[in-house]
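Student: The structure is given below, and queries will be raised subsequently.
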Amino acid sequence: MRPDFNRYPLLVAWEMTHACLLACKHCRACAEPDPLPGELSTEEGLRLLEELATYTPKPILLPTGGDPLRRPDLFVLLAKARELGLTVGITPAVTPLLTREVVGRFKELGVHQMALSLDGASPEAHDGFRGVPGTFQRAMEALEWAREVGLPTQVNTTVTRLTLAELPGIARVIVEKGVATWEVFFLVPVGRGAVLSQLSPEEYEQVMHWLYETSRDQGIKIRTTEGPHFRRVVTQRRRAEGAEDQALVGHGRGVHLSDGNGFVFVSATGEVYPSGFLAEPGGNIRQRPLREIYQHSPLFTELRDKSLLRGKCGVCEYKQLCGGSRARAWAETGDHLGSDPRCAYRPRAWQG
8 MRPDFNRYPL LVAWEMTHAC LLACKHCRAC AEPDPLPGEL STEEGLRLLE
58 ELATYTPKPI LLPTGGDPLR RPDLFVLLAK ARELGLTVGI TPAVTPLLTR
108 EVVGRFKELG VHQMALSLDG ASPEAHDGFR GVPGTFQRAM EALEWAREVG
158 LPTQVNTTVT RLTLAELPGI ARVIVEKGVA TWEVFFLVPV GRGAVLSQLS
208 PEEYEQVMHW LYETSRDQGI KIRTTEGPHF RRVVTQRRRA EGAEDQALVG
258 HGRGVHLSDG NGFVFVSATG EVYPSGFLAE PGGNIRQRPL REIYQHSPLF
308 TELRDKSLLR GKCGVCEYKQ LCGGSRARAW AETGDHLGSD PRCAYRPRAW
358 QG
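Under the numbering used here, the first residue of the sequence shown carries the number 8, and numbering increases by one thereafter.
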C-alpha cells in the first residue's frame, strides 16, 4: 500500500550534531569542529525515536550531521532505534573516528546501510573537495570494512563544476567496491555551497541523461537529491526505449519523495525543516511533536500541494512526478513554491 505522505514522512533525517572534523567546500551546515550550543540531549533524542516508532508505517531514520560519530551517545541512540524496530541508514563523516571497529558496531546494531561521501575518483580530487588529506583512502578502506561485515553501502556525490568530470570515475569505484546505491546530490547554493559554481539547466539535463544511461548499462541503483527532474528523464527515456514504465529511482514504485513531502529534516537543535537545504522552519520538536509540525505546519501543507506551484513548475505535465527542487527554488528565488531555476525542460503548456 502506498504511504500517505500527508500523515507521516517516509524518511526522517536527523542532524545529530553540527560538529565535524572536515571542511567540505559544499557543506550545507557550515559544520565546525565543535557542537552547537543547545543541541538535542540524549533524552530528547530518545523521545524523538519513540515518537517515530508510532508512525504507520515506521519511517526510515537517517542520522546525519555534521558527523554523527561526534555524538558520545550515538551507539545508545542506535541501540534504541533497533529496539524500536526502526530502519536506520547512517551517514558518518570519513575521519579517523570511522574505524573498522565502528563499522562492525554499525552492523551489530542493525544499521541498514552506511552512506559515505565521494566527490572525486582520486585522492587529489576528493581530498581537495573535502579539505582534509587522506579522506579518499579512508573512504576506500571504510567501504571494504563494510563489505567484510556485510553492511550495505551508499555513496553520496554532489554535482558541481568541481566534481562534474569525476562522475565517470566515481561510477567505476562504485562498481568495484560493490556499493548498493549512488545518491547524487544536485547542488543547492546554501551554506558553504553558496560560493560554488552550479551547472546550467542544460548541463544538469545532460548529467541526468548520463546518470540514466549509467544506471541502465552498469546496473547501478541511482537516486537523486534536489534533482527530481531525474524522474522525468527516466520516464521519458524508458518510454522512448519501449520499456515498462517503472522508475529506476526512488524508494519503491510510485513513491516520489520531495522536500516536506515524505521527507523531513530535524536540525541539531530541534528545528524542523522540509529538507536540510530548505532551512525554513515549520516548528521545533521541543515545543510540538514532529508529527504535528509535519502534518499541520502551513509550510509543509503547502509543499505537499502541487497545485500551488507557480511558474513553469505549476503548469508542467510532470509536476506530480517531479515538482522541481523546492529547496533550490527557495535558495535562488526566495519562493519555495516558485519554479526550479535549474530545470531545462519546457512543459507543453509553456511552449508558444
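By construction, the Cβ of each residue, glycine as well, lies at the ideal position given by its N, Cα and C atoms.
Please read all numbers here as calculations on a predicted model, not as lab measurements.
1) On the three-state DSSP scale, how would you describe Phe284?
2) Rounded to the nearest angstrom, what separates Thr170 and Arg298 at their Cα positions?
3) Would you tell me roughly how many angstroms separate the C-alpha atoms of Arg89 and Leu123, rounded to the nearest one?
4) For Asp266, which residues of its own chain have a beta-carbon under 7 Å away from its beta-carbon, when the five flanking residues on both sides are left out?
5) Start and end of the beta strand (DSSP E) containing Glu22?
6) Since Trp152 is in the beta strand (DSSP E), which residue starts that stretch and which ends it?
7) Just to confirm before moving on: does the CB-CB distance between Ala275 and Thr24 stay below 7 Å?
8) Is it buried or exposed, His133, if we count other Cβ atoms within 10 angstroms and call 16 or more buried?
9) For Gly234, I'd like the list of residues in its chain whose CB is within less than 6 Å of its CB, leaving aside the five on either flank, ordered along the chain.
10) May I have the straight-line CA-CA distance separating His119 from Thr160, to the nearest angstrom?
11) If I follow the unbroken alpha helix (DSSP H) through Arg137, where does it start and stop?
12) At a cut of 8 Å, does the segment 163-182 reach the segment 219-227 through at least three beta carbon pairs?
13) Using a Cβ-Cβ cut-off of 8 Å (strictly less than) and excluding sequence neighbours within five positions of Ala356, which residues of its own chain qualify?
14) Quick check on DSSP: helix, strand or coil for Gly52?
15) For Leu68, report the span of its beta strand (DSSP E) as first-last.
16) I'd like to check one pair, His236 with Cys329: are the Cβ atoms closer than 7 Å?
17) Sort out for me which residues DSSP pairs Glu278 with in a bridge.
18) Spatial neighbours of Val186 within its chain, please: CB distance less than 6 Å, with the 5 preceding and 5 following residues excluded, ordered by chain position.
19) Ignore the nearest five residues each way along the sequence and tell me which others in Glu210's own chain have a CB closer than 6 Å to its CB.
20) Can you name the residues that DSSP bridges to Glu248?
21) Apart from the five residues just before and just after Thr320, which ones in its own chain have a Cβ nearer than 7 Å to its Cβ?
22) What does the Cβ neighbour count give for Ala20, buried or exposed, with the cut at 16 atoms within 10 Å?
23) For the beta strand (DSSP E) containing Trp357, name the first residue and the last one.
24) Quick one: measure Cβ to Cβ for Val110 and Ala153, integer angstroms, because I've assumed they're closer than 8 Å.
25) Helix, strand or coil for Val195, going by three-state DSSP, please let me know.
26) Can you list, in chain order, the residues of its chain whose CB lies under 8 Å from that of Pro296, leaving out five sequence neighbours each side?
27) Which of the three DSSP states is assigned to Leu306 in this structure?
28) Closest by CA to Glu212, which one among Val271, Gly226, Arg244?
29) Give the DSSP-derived three-state secondary structure of Ala60 in the structure shown.
30) Compare the C-alpha of Val271 against each of Glu248, Gly318, Phe307 and name the closest.
31) Short check: CB of Phe12 to CB of Gly289, under 7 Å?
32) Specify the secondary structure class of Val118 as computed by DSSP and reduced to three states.
33) Would you please state the rounded distance, in angstroms, between the beta carbons of Ser204 and Arg168? I believe it to be under 8 Å.
34) To the nearest angstrom, how far is the alpha carbon of Arg350 from that of Pro208?
35) Could you round the C-beta distance between Leu84 and Leu53 to whole angstroms and report it? I think they count as a contact, below 8 Å.
Tutor: Let me lay it out:
1) coil
2) 37 Å
3) 21 Å
4) Pro281, Ser282, Leu285, Leu310, Arg333, Ala334
5) 18-22
6) Premise fails: Trp152 lies in the alpha helix (DSSP H), 142-156, not in any beta strand (DSSP E).
7) yes
8) buried
9) Phe193
10) 9 Å
11) 130-137
12) yes
13) Val322, Cys323, Glu324
14) helix
15) 67-71
16) yes
17) Asn291
18) Thr160, Val162
19) none
20) Answer is none; Glu248 lacks a bridge partner.
21) What sits at residue 320 in the sequence shown is Cys, not Thr. Taken in chain order, the residues that qualify are Lys326, Gly330, Gly331, Ser346, Asp347.
22) buried
23) Premise fails: Trp357 is in no beta strand (DSSP E) and is neither H nor E.
24) 5 Å
25) coil
26) Glu58
27) helix
28) Arg244
29) coil
30) Phe307
31) no
32) coil
33) 4 Å
34) Note that residue 350 corresponds to Cys in the displayed sequence, not to Arg. Distance between the alpha carbons of Cys350 and Pro208 is about 5 Å.
35) 7 Å
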